[in-house]
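Protein chains in written order, with this note's numbering: chain A, 1 to 268; chain B, 1001 to 1346. Even glycine gets a Cβ: it sits at the ideal position worked out from N, Cα and C.
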Amino acid sequence: MLKRLIARWQGILLTLVGIVATVWLGATGQLGLYIHPRYFWFSIAMALIGAVFVVAAFAFTPLPEEPDEATDAAAAPEHHEHSHHDTPEPPRANRAGTIRAALAAVTIVVATGALLVLPPTTLTSATATQRSINSATSSLDASSPTLVGGDTANFTVKDWALLLRQNPDVGYYADKDVDVVGFVTASPDDPENVFYLARFSVTCCAVDAQPIGVPVYLPGWQEQFEEDQWLAATGAIEQNPGSTGDEPLVLVTETLEVTEQPEQPYVF
Amino acid sequence: MSLTKPVPPHHAAHGSRTPRSRGAVGLGLGVALVLLFVAIRLLAPEEVGNLLSNSVQDFFTLSISVVIESLPFVILGILLSIGVQVWLPEGFLLRHLPRNAVARRIVISMLGVLLPVCECGNVPLARGLILRGLSVGESMTFLLAAPILNPVTIITTYQAFGWDDGILVSRILGGFVIANLIGWIYSRHSSPMSLLTPKFQASCAHAHDEVPATRTRRSVDMFTKETSAMLPALFVGSAIAGLIQVGVSRDLLVTLGQNPVLSVFALMALAFVVSICSNVDAFFILAFGSTFMPGAIVAFLVFGPMIDVKMLALMRTTFTARTLVQLTVIVGLASAALGLAVNALA
Chain A
1 MLKRLIARWQ GILLTLVGIV ATVWLGATGQ LGLYIHPRYF WFSIAMALIG
51 AVFVVAAFAF TPLPEEPDEA TDAAAAPEHH EHSHHDTPEP PRANRAGTIR
101 AALAAVTIVV ATGALLVLPP TTLTSATATQ RSINSATSSL DASSPTLVGG
151 DTANFTVKDW ALLLRQNPDV GYYADKDVDV VGFVTASPDD PENVFYLARF
201 SVTCCAVDAQ PIGVPVYLPG WQEQFEEDQW LAATGAIEQN PGSTGDEPLV
251 LVTETLEVTE QPEQPYVF
Chain B
1001 MSLTKPVPPH HAAHGSRTPR SRGAVGLGLG VALVLLFVAI RLLAPEEVGN
1051 LLSNSVQDFF TLSISVVIES LPFVILGILL SIGVQVWLPE GFLLRHLPRN
1101 AVARRIVISM LGVLLPVCEC GNVPLARGLI LRGLSVGESM TFLLAAPILN
1151 PVTIITTYQA FGWDDGILVS RILGGFVIAN LIGWIYSRHS SPMSLLTPKF
1201 QASCAHAHDE VPATRTRRSV DMFTKETSAM LPALFVGSAI AGLIQVGVSR
1251 DLLVTLGQNP VLSVFALMAL AFVVSICSNV DAFFILAFGS TFMPGAIVAF
1301 LVFGPMIDVK MLALMRTTFT ARTLVQLTVI VGLASAALGL AVNALA
């Protein structure tokens, strides 16, 4: 009985988990943690249409079941005449059915936990490290207009990272103030002295997030800050005083303060 | 849509209640369940997340993002499949196809232009088409071609790459040729039904028994059945994709990317792992653009929409494991050949 119920309703329940998660994320403005804003309306519209079907599915009595493997196996041997036993299904099909139902139940529970119980979060520095920071700047660069000569007042860490790549001449930055917000992730080359103020750049969904950031020169930064902390920084771009490391230009900060994670932590 | 549609007597006989009150009870139950899930979401304590390490948290974030991104496409695919099976007149789509097998597959590989869903939405649609009489080989042609030969994919690929390096042209032609090749190979199979899972074969056998019920009811029933087949596969596939991404270093793939031969295989491996929809994969790979050779990008853009972790999980609802292994090998070899050729010419 329970097995049949799970087999029939697992899809509806999983759909409902996805729908509630999507609509709630949309309503609380957090959908951007997972997908690019250009999909917002599409995701929410499909979720609402799906919701109509889910509720309707409960309202209608099920149509006659297609025979599934378990009942097929039970029904096929016609010579099963002395079925006085109370086991309508042969033990093997029965066990397979039980395992399938148990797996389905686990999937539903885990999906509920992941989408409805866990608080939504951004990706962490673990992924930033794993995806090697600024490895994608060269190509992002190719697809964005040149930033050299632009008004730097509203530049994000992404813009600064691209600009540093487009124009490595330190003189250019002499009169430019940097004012950015990002999270802390250690520089792989010079973790003692340099960390990145980073954001994830998202083109489709969090799966393709690329870490991108501005290197900050601050020896002994680990004593004041920890990875994944969000910081607001002001300062200027200067030559990297440390000789090691790949970054010729770094941000030397004037002010550096712990701040709240921005409502939209990713950049697009 | 009315909830008081007469129910055939043998269903109503399940209980002594009238169909009307049954419907009302079911509806109440459904609404209660929706409220329960909403309540879980609203009441879940914020602190739960702090118990997880960064990597575990990122695993969940990545997997959830695949689910949230794919779910609307899966729902759209199921709706289109319902449209084809329940609302279009019997044989409407198939009657207008050419008789000649080759011409027929060519037309089928263009169906994506009319039905622009990405690959995750195509699986329910292909199932619907098989139930409506499309042969197994033809359904594969559709399944493989539609995610590439559809307007949304073509536009996003154009936006990302323009006409650079022949990437767009190679993607379109490559997808078309591989899909038709696969359709041709499987059209020569002696018993095509054996390529399908026993469960789906059973559905096919019953597809033509018209159930005495209104179209609305059949639509809702199909929605229930299709989600039961697709959604577990989507969730499990997304979890596997998330797990691999946390485990496999991107660095490794990017390092391999500089070599004209290895880069092709590296990007095919990446496509297999990340499992993102064909509608948007061009933007994704653009982020790596200059790291990789154009042939590798073409291999990524051709192989990814056809075969990846999530797609295999979804296709497993319909095809046997053996069939999927063959399919993966053939599509993989063909995509690799295409990528290497583009690199050789570049």
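Query                                                                                                                           : Result
Three-state secondary structure (DSSP) of B:F1319                                                                               : strand
Test item: CB-CB of B:D1221 and B:S1275 under 7 Å                                                                               : no
Under 7 Å by beta carbon: chain A residues contacting B:L1027                                                                   : V55, F58 and A59
Proximity winner among B:M1315, B:G1295 and B:L1327, relative to B:L1345 (alpha-carbon distances)                               : B:G1295
Chain B contact for A:A206 (CB, 7 Å cutoff)                                                                                     : yes
Where A:T124 meets chain B, residues with beta-carbon distance less than 7 Å                                                    : N1054, Q1057 and D1058
Simplified DSSP assignment, three categories, for B:C1204                                                                       : helix
Span separating the alpha-carbon of B:L1076 from that of A:G29                                                                  : 23 Å
Supposed contact pair B:G1030 and A:F58 - C-beta distance, whole angstroms, cut 8 Å                                             : 3 Å
Identified DSSP bridge partners for A:F200                                                                                      : A:P211
Chain B contact for A:L231 (CB, 7 Å cutoff)                                                                                     : no
Range of the contiguous beta strand (DSSP E) that encloses A:V252                                                               : L249 to V258
Assumed close pair A:R199, A:G171 - CB separation to whole angstroms, cut-off 8 Å                                               : Contact doesn't hold; Cβ gap of about 27 Å is too wide.
Residue-chain proximity (A:P119, chain B), Cβ-Cβ < 7 Å                                                                          : yes
Beta-carbon proximity of A:F42 to B:P1232, cut-off 7 Å                                                                          : no
Given B:A1337 as reference, the closest of B:D1164, B:I1185, B:A1271 and B:G1174 once Cα atoms are compared                     : B:G1174
Any chain A beta carbon closer than 7 Å to B:R1095                                                                              : no
Closer than 7 Å to chain B by CB, A:L197                                                                                        : no
7 Å Cβ cutoff met for A:A186 and A:L123                                                                                         : no
Three-state class that DSSP yields for A:I271 in the structure shown                                                            : No statement about residue 271 of chain A is possible, as the shown extent of chain A runs from 1 to 268 and does not include it.
Same chain only: Cβ atoms within 7 Å of B:L1243, ignoring 5 sequence neighbours per side                                        : F1059
Any 3 or more C-beta pairs closer than 8 Å across the stretch 1124-1141 of chain B and the stretch 1084-1093 of chain B         : yes
Cβ neighbour criterion (16 or more within 10 Å) applied to A:P176                                                               : Note that residue 176 of chain A is Lys in the sequence shown here, rather than Pro. Result: exposed.
C-alpha distance - B:S1238 paired with A:F60, whole-angstrom precision                                                          : 31 Å
Under 7 Å from the C-beta of A:F42: neighbouring residues of chain B                                                            : P1072
Chain E contacts from the stretch 7-37 of chain A (Cβ-Cβ distance under 9 Å)                                                    : This model lacks chain E altogether, as its protein chains are A and B.
Helix, strand or coil at B:L1097 according to DSSP, with G and I counted as helix                                               : coil
A:D179, enclosing beta strand (DSSP E) - first and last residue                                                                 : V178 to A186
Burial state of A:Y34 (16 or more Cβ within 10 Å)                                                                               : buried
One or two residues paired with A:V194 in a DSSP bridge                                                                         : A:Y217
Chain-ordered chain A contacts of B:S1081 [CB-CB under 7 Å]                                                                     : Under the 7 Å cutoff, chain A gives no residues; its nearest Cβ is about 13 Å from B:S1081.
Simplified DSSP assignment, three categories, for A:T127                                                                        : helix
Validate contact between the stretch 206-220 of chain A and the stretch 125-133 of chain A using beta carbons, cut 8 Å, 3 pairs : yes
Below-7 Å beta-carbon distance, A:Q116 vs any chain B residue                                                                   : Looking at the sequence provided, one finds Leu at residue 116 of chain A rather than Gln. With 7 Å as the cut-off, A:L116 counts as an interface residue toward chain B.
Same chain, Cβ closer than 7 Å to B:S1263, five either side skipped, listed in chain order                                      : L1256, G1257, F1292, M1293 and A1296
Short CB-CB distance (under 7 Å) between B:I1307 and chain A                                                                    : no
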